[in-house]
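Quick mapping for you: the protein sequence lines, in order, are chains D, X and A.
Following my numbering, the numbering of the first sequence begins with 46 at its first residue and continues without gaps.
Following my numbering, the numbering of the second sequence begins with 41 at its first residue and continues without gaps.
Following my numbering, the numbering of the third sequence begins with 6 at its first residue and continues without gaps.
Structure, as structure tokens:
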Amino acid sequence: MWPFIFRNLLQRLVLLVIVSVIAHSVVHLAPGEPSEVDPANPRMKPEDIVKIREAFHLDDPLYLQYAYWMRDLLTGELKSFKDSQPVLPKIWERFLNSLPLFIVATLIIWTLSFPTGIHAAIRRGSAYDRSTTFVAYTLISVPGFFLSYLVILWVVEWLGVPVIGMRTFGMEEAHWAFRGMDRVWHLVMPSLMSALAGIAVLSRYVRSQMLEVIGQDYVRTARAKGLDEDTVVYRHALRNALLPFVTMFGFLLPGLIGGSVIFEQIFAWPGLGRLGYDAILSRDFPVILTINFIAAALTLAGTFISDILYAVVDPRIRLE
Amino acid sequence: MAETQILDEDELALRQPPESPLREFWHIFRRDRLAMAGLIVLVLLLFAAFAAKALTEWTVVFDPATVRLVDKFKPPMSAASTLLPAEDLPRGGIYLLGTDELGRDVFARMLQGSFVSLSIGFVAVGISIFIGILLGGLAGYYGNLRIFRLMTVDTLIMRFTDVMLCFPTFFLILTVVALLPPSIYNIMIVIGLTSWMGTARFVRAEFLALREQDFVVAAQAMGLPERRIIFVHMVPNAIAPVLVSATIGVATAILTESALSFLGFGVQPPFATWGNILSDGKGYIFDAPWLFFIPGMAILVVVLAFNLVGEGMREALNPKLRRRT
Amino acid sequence: MTLRLKWLLIIAPVVLVLALFQSVFWVPTYEAQTTGNPARLEKFIEASIGDAKILNPILNADTASSGIVDKVFEGLLDLDENLNLRGRLATDWTVTETAYLAVNPRAYFPDGSPVTTGELETRIRRAVTDGTLNSLQDNLIDIRLQPAHERTESISLRSEDDTAISVTVDLHVPERVEFRLRKVDQDFFKRLEVIIGDDYASSAPYDSWIEVEPTNKRNLVAPRFAELLPVFEHNPIIRFNLRNGVHFHDGHEFDAGDVKFTYEAIMDPKNLSPRTSDFEPIKSVRIIAPHVVEVIYKRLFSPAINAWSMGILPEHLLNEDAMRQEMDRRGLSETAREAFGMRDSEFNRKPIGFGPFKFVKWQSDEMIHLTRNDDYWEGPPLYKDYFYRIIPDALTQEVEFRTGAIDTYGTLPHQVARYTDDPAYQSYSSLGLGFTYIGYSNRHPILKDKRVRRALGMAVNVDEIIKYVLYGEGERITGPYPKNTQWYDATVLPLPYDPMAAEALLGEAGWRKNADGWLEKDGQLLEFNLITNNGNLVRKAVLTIAQNNWRKIGIKCNTQLFEWAVLLKDFINPGKFDAVVLGWSMGVDPDLYQIWHSSESGPNQLNFVGYNNPVADDLIVRIRREYDVATQRELTHRLHAVIADDQPYSFLFAPRGTRVLDKKIVMVDEEGKLSRLKQTKTGSIFFYFNRWKKLEHAVEL
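Dropping the structure here:
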């Protein structure tokens, strides 16, 4: 097992380097320049632009720029082009903002998908099954921002309460319970919106896994033994159907950094997605590359964890 | 020699697992009412899209470009202003789906958009399927071949797929689209280039499985050219799941395009797509709600139709897939 | 256990959903936010699309940052409600001049005798006393002789192969006659021509005055000799008397040292300040007394004084000692220490100034929080807190405004139309300093014809654009100055909207309609590309309308939108475009050198359309050297007419900016009387922001 883990880690490390090299070249070779190098700014003289380009190493060969980036990233002294602030604390700050959104959305997805999916599987072909299928596909098919605007407008017109941002401003002196609940309310809409597609996908997956298991011999045997339906479903079938979902915990990891640009944009949520999006717009190369790098690292770590988890929960699989 | 070969091939075809006839597939598919509804929508849409190309570009029956500021924000089914010069009047003097912020005919723009949106979906998926089959097939068929004695073709291709999967897809699309000049072709290409990984993975799996099947082993033993084995014997057997994922892929591509439009990186004028009509329209939701609802609902219905048809196909193919494993 | 699992699967989601959704009952509605919540009335919340970048007056270049910086920092002076300069940290100031006349030994007096130092000085002194130089008498304080001296300068240039190089220049400054003048006079040396003749400067012996190291670069520097060591040198001098007893937010007292430090920080190449060009004409800044500072300029440049409205930095927090301490505190490595400049300082994220508001907190992309400065020298503002919220989407901004969670935002024209009739809101509309135009490349074979540009302008229905696209929130303009400044000549008439006349004019220029209805000349279609940036609804509409208008008279125009960074880099900066819809946001000074002077039309320069008219060039230079406002006004009106006649742009409109606010927000004057919010000459309401107050219930005023 250990040699497997070691070799696997090494492979992933090499992959990470390749990914970072590709990302670096794509970002640097594409048109557009960091917005600080803005000749349309009447205050900038050509000399100033030369100075800024020098400070950003923009005229050095690509491999040198890559080396500078890696050096600064690893020493933690990487600076954003946009405001010269250290990149890592910047990303960390946004990560902390995105985290509650991610946690609530994940909670919603996982708690809602299982009951829905299981019931649909048990009553395969019923009106319930067909309507959840239809609803699930509608949720996958609707453009996220279209639905979000509809819900926002409806909530605002109907309830008359603010929904945008992380909290209602101007109530800093209110009792802490009010402030806390206000924050919870501001979490509900964006996390629900970003969870919808997830609920649809996961509940469909639960349904198909359950169907698969229910058709298996041991479930039939259990039924034949005269066990009541609930015991059959929840003890025998569900347990085995759950196995593959354990591995999905690994895939949650990259979701931590892939904050959704669109929902964060609509709900004015200062998360990672918007940091990345703004960085792309202003060609803030260090920030773009670092986010991409962390995302790739988390993806690799995620698949790694899934592999391990899979081996741990499924005795049939041996790591070699 | 050539003749015997053909004969042998025919024989081979007979020895393949009983190919599930199209009819069987259709029989199962037809029972799925949601999928059938989706199919009808798609057929209608396809007609609309080609009619759109003909009616808005070849002969201008519906003019999506004319700006009529006097008639801005006219609700659906309203008549055109009498102030307009004759050549600017919409067909029949009526705006079927209203007008937008510049007084352009929304119906004509939606028609024009249907063709563009669909072609983005189809071309993007075409690219992604092509790359997916090519790389997946290579990895699956020539998997054991070594290059430079370092690694197998399979390892190389699959590691590359892993690399691609490491980029958060939407972020990657956004980066590339933001950095490339905004043309409709670039958007198709980028969506295609960033969505082939899934196809590649299961085509490889299919090929790995097929390679062991008797009819392929037999074909190899008979010394048939590899090209023939791959394209005549293996690809058709692996194509069914590819079609399913392609159908769903078109839906995803249309959604991706609308998301890009929302962020301002979508297809640029003069091309109207449903995505950019929707994201332009959202700013005017209080003044002209139809600018928001019409394209939004259109996207929803069409994407839903693609998804349902895809799901229906998957279900109809499922027993067959099971039989094989 | 089985049943527990079953129930868990049902109860968990129900509990979760209920727990999440009950929170809505704790959130205040529109009314609840103000009534019964006195603290909310003391807060002002503004929403913006974009976040600030850097909160440092000498480093910021974006509007979001400067909005915050203006509240936290303060300059020596600013513009009052009528756009005239008024003192802030400076109580008052005087402008004088010192002029230098270099002794040119190769020149001859008009009577033919050679110029020598002694003779030159005697002749000038005699002329002043005997009345030959009568025009100088009132202005001249005294005359002195400045001895010869040496000076070394290092300048950066573009070498032959277009790389940046740095050369050292040794200047052997000859003896010079120094004149101290009461006020600036750009024609001073012209007046001296009766003594020194009109060809005094051309024979200047630069070969002995200037040495260039390395010598082979001499020819590159040669064009700048006259600038490095002028024969006639004007040195305008501004002396500021600074306000006593003003303190930074941390209690440190403000003095002349901070002014000098701010200037030096801008000019420090390490800081990469985007404002160096505003301060580059300064020769030196001298501290005369703790609260008196004198700024000496290298040459005539009248807009220079406006630069002093920029916020002054606290020296004690940003000087070398302070920087070293910060580097130690942050434990930076050697490489990082080397590159460390003011740009990297944490000061830029928690600034300290002496403006009406103190900085509290900045959460990136969420908000910036400021609080009232109770020790503000002009008296504290009425609002206690100021929040700057970042909401990146125009639609959700409006949604948030309707729920009362923000007090104001940049309302779009079509949104304004909905609020003007609503009794709960008040709106203020103002003509800003910007305008929108279609610029035509002067390098384009078709568009360089003035008649074509005129015809294009006449074919676009600007009034219709203003009426329907801007909902009337805009005004037609005819020239390069902001309409609400005195520099704008209101008598210049706009091009009429007249497609027939436009067609006739094109016919005159040789364009005929072909079989397909497109205009054609010598087998070439009248076709070009019109581009603009992505994300600006009004420009996009202008683009579409212009294309449509032109199509009707047979002009084939292709349109494209590009993202801002790409538009600049690939099209505007290299000058590779045919026509472009863009806007300028102007200053209040009359200097148009960078946008319209022909020398500024190279790559990466602002005259990207390549406008080139010697008459305009001359006027532009005269305007920036003139210190008398009345004369400047006369010159700008002439310049306006010249540019309007050439139509290098189709000048379209100046959009009106509109602010919509809750009616509960009113203005309180010194005696406590309530009134509606007042506007300045430019229509800004925020000028009086410190006197604003929100009431619990709206009152009719």
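C-beta: ideal position from N, C-alpha, C; glycine also.
Nothing here was measured: the structure is a model prediction, and the numbers come from that model.
| Item | Value |
| --- | --- |
| Chain X contact for Val474(A) (CB, 9 Å cutoff) | yes |
| Any chain A beta carbon closer than 9 Å to Phe312(D) | yes |
| Cut-off 6 Å between Cβ atoms - residues of its own chain near Ser305(D), not counting five sequence neighbours on either side | Ser239 and Gly318 |
| Minimum Cβ-Cβ distance from Asn391(X) to chain D less than 9 Å | Given that chain X is displayed from residue 41 to residue 365, the structure contains no residue 391(X) and the question cannot be resolved. |
| Contacting positions in the stretch 538-561 of chain A - beta carbon closer than 9 Å to chain X | Asn539, Gly540, Leu542, Lys545, Ala546, Leu548, Thr549, Ile550, Gln552, Asn553, Asn554, Arg556 and Lys557 |
| Sequence-distant residues of its chain with Cβ nearer than 8 Å to His69(D) (five each side left out) | Leu107, Gln110, Tyr111, Trp114 and Leu334 |
| Thr408(A) - partner residues in DSSP beta bridges | Answer by DSSP bridge pairing: none, since Thr408(A) is not bridged. |
| Unbroken stretches of the alpha helix (DSSP H), 4 residues or longer, contained in the stretch 173-222 of chain A | 193-196, 198-201 and 211-214 |
| Same chain, Cβ closer than 7 Å to Ile209(D), neighbours up to 5 away in sequence not counted | Phe312 and Ala313 |
| Within-9 Å CB hit, Asn337(D) to chain X | yes |
| Nonlocal neighbours in the same chain, by C-beta distance under 8 Å from Val298(A), ignoring five residues either side | Arg244, Phe245, Leu247, Ala261, Val264, Lys265, Val290, Arg291 and Ile292 |
| CB of Thr96(X) within 9 Å of CB of Leu151(X), strictly | yes |
| Spatially closest choice to Gln142(A) from Leu150(A), Pro152(A) and Arg130(A), by CA coordinates | Arg130(A) |
| Under the three-state DSSP convention, the category Asn246(A) falls into | strand |
| Within chain A, partners of Val107(X) - CB distance below 7 Å | Thr549, Ile550 and Asn553 |
| Within 8 Å of chain A by C-beta, residues of the stretch 207-218 of chain D in sequence order | Pro207, Val208, Ile209, Gly210, Met211, Thr213, Phe214, Gly215, Met216, Glu217 and Glu218 |
| Through-space distance from Glu218(A) to Thr137(A), alpha-carbon basis | 44 Å |
| Val146(X) versus Lys322(X): straight-line alpha-carbon distance, rounded | 14 Å |
| Ala267(D) beta carbon less than 9 Å from that of Ile277(D) | The residue you asked about is not Ile; residue 277(D) is Val in the sequence shown. Yes; because the gap between Cβ atoms is below 9 Å, this pair is in contact. |
| Pro179(A) to Phe230(A) span [Cα, whole Å] | 14 Å |
| Residue-level contact to chain A via CB, Ile227(X), 9 Å cutoff | no |
| Inter-stretch contact at 8 Å, needing at least 3 Cβ pairs: the stretch 496-506 of chain A / the stretch 460-470 of chain A | yes |
| Spatial neighbours of Leu357(X) in its chain, beta-carbon cut-off 6 Å, leaving aside the 5 residues before and after | Ala280 |
| DSSP state of Lys96(D) mapped onto helix, strand, coil | helix |
| Validate contact between the stretch 177-186 of chain D and the stretch 346-353 of chain X using beta carbons, cut 8 Å, 3 pairs | yes |
| Among Phe306(A), Lys275(A), Ala294(A) and Glu325(A), nearest to Glu285(A) - alpha-carbon criterion | Phe306(A) |
| Residues that DSSP places opposite Asn538(A) in a beta bridge | Phe567(A) |
| Chain D contact for Arg199(X) (CB, 9 Å cutoff) | yes |
| Alpha helix (DSSP H) runs wholly inside the stretch 615-649 of chain A, at least 4 long, in chain order | 619-630 |
| Reference Met237(X), options Phe207(X), Tyr225(X), Val216(X) and Ser118(X), closest by Cα | Phe207(X) |
| DSSP three-state assignment for Trp98(A), whether helix, strand or coil | strand |
| Neighbourhood of Ala621(A) by C-beta, 7 Å cutoff - its chain only, sequence neighbours within 5 removed | Trp601, Leu644, Val647 and Ile648 |
| Uninterrupted alpha helix (DSSP H) stretches inside the stretch 115-171 of chain A (no shorter than 4 residues) | 122-135 and 139-142 |
| Cα-Cα separation, Asp714(A) to Tyr393(A) | Nothing about residue 714(A) can be read from this structure; chain A reaches only from 6 to 706. |
| Separation of Pro579(A) from Ala85(D), as counted between CA atoms | Because Ala85(D) sits at a pLDDT of 46, beneath the cut-off of 50, its placement in the model cannot be relied upon, and the point is left open. |
| Start and end residues, alpha helix (DSSP H) containing Val358(D) | Phe330 to Val358 |
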